[in-house]
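Peer 1: What the sequence shown shows, in mature numbering (1 follows the signal peptide of the UniProt record, and there is no 0), is residues -20 to -1, 1 to 91, in sequence order.
For glycine and all other residues, C-beta sits at the position ideal for the given N, C-alpha and C.
What follows is a single structure, and I will ask about it in a moment.
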Amino acid sequence: MIGKRHVVAIASMLSLAAHAEPAARLKPATCGVPAYTADLKDDYLQGTVRLAVLVGADGSVKQSKVVESSGHRALDRASLRASYTCKFGVAAKDGVGEPGWSTVQYKWIND
């Protein structure tokens, strides 16, 4: 019998754009949970997807790419789509938010 599926999203700082002065640090993100489409439910897939996300000065995700695949294309794609719902609190440098790179990890668990 197949139990409930869980997806855990974890966001952490990867790196920021290079500056002569220390760059502002990204604060933790709030990320949406990927949608469970029928094909994901039926295939009983699980794995971990790690993404690199470019966070804009406004805290929204401007670009996302897979840096560690789950091994399942469907999970990777669902994670990419969900990463664009993440909202970061960006620390300001001289009162202005700065863009930077961060990581978001989605862990797909079947129990």
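Quick check on the DSSP output: the alpha helix (DSSP H) that includes residue 54 runs from which residue to which?
Peer 2: First-last of the alpha helix (DSSP H) with residue 54: 53 to 63.
Peer 1: Is it the case that the segment 19 to 29 contacts the segment 43 to 58, given that we only count it when at least three CB pairs across the two stretches are under 8 Å?
Peer 2: Contact holds: three or more Cβ-Cβ distances are below 8 Å.
Peer 1: Determine whether the Cβ of residue 18 lies closer than 8 Å to any Cβ atom of chain C.
Peer 2: In summary, chain C is missing from the structure at hand, where a single protein chain is found.
Peer 1: Roughly how many angstroms lie between the CA atoms of residue 32 and residue 84, to the nearest whole one?
Peer 2: Roughly 6 Å between the two C-alpha positions.
Peer 1: Exposed or buried, which one is residue 80 when buried takes at least 16 other CB atoms within 10 Å?
Peer 2: So residue 80 ends up on the buried side.
Peer 1: Taking residue 76 and residue 56 to be in contact with their CB atoms under 8 Å, please state how far apart those CB atoms are, rounded to whole angstroms.
Peer 2: Going by Cβ atoms, the distance from residue 76 to residue 56 rounds to 34 Å, so no, they are not a contact pair.
Peer 1: What is the residue span of the beta strand (DSSP E) that residue 43 lies within?
Peer 2: Its beta strand (DSSP E) spans residues 41 to 48.
Peer 1: For residue 86, tell me which candidate among 45, 38, 73, 40 has the shortest Cα-Cα distance.
Peer 2: Nearest of 45, 38, 73, 40 to residue 86, Cα basis: 45.
Peer 1: Bridge partners for residue 32 per DSSP, in chain order?
Peer 2: Residue 32 pairs with 45, 83.
Peer 1: What do you reckon, are the CB atoms on residue 58 and residue 15 nearer than 8 Å?
Peer 2: Contact: yes.
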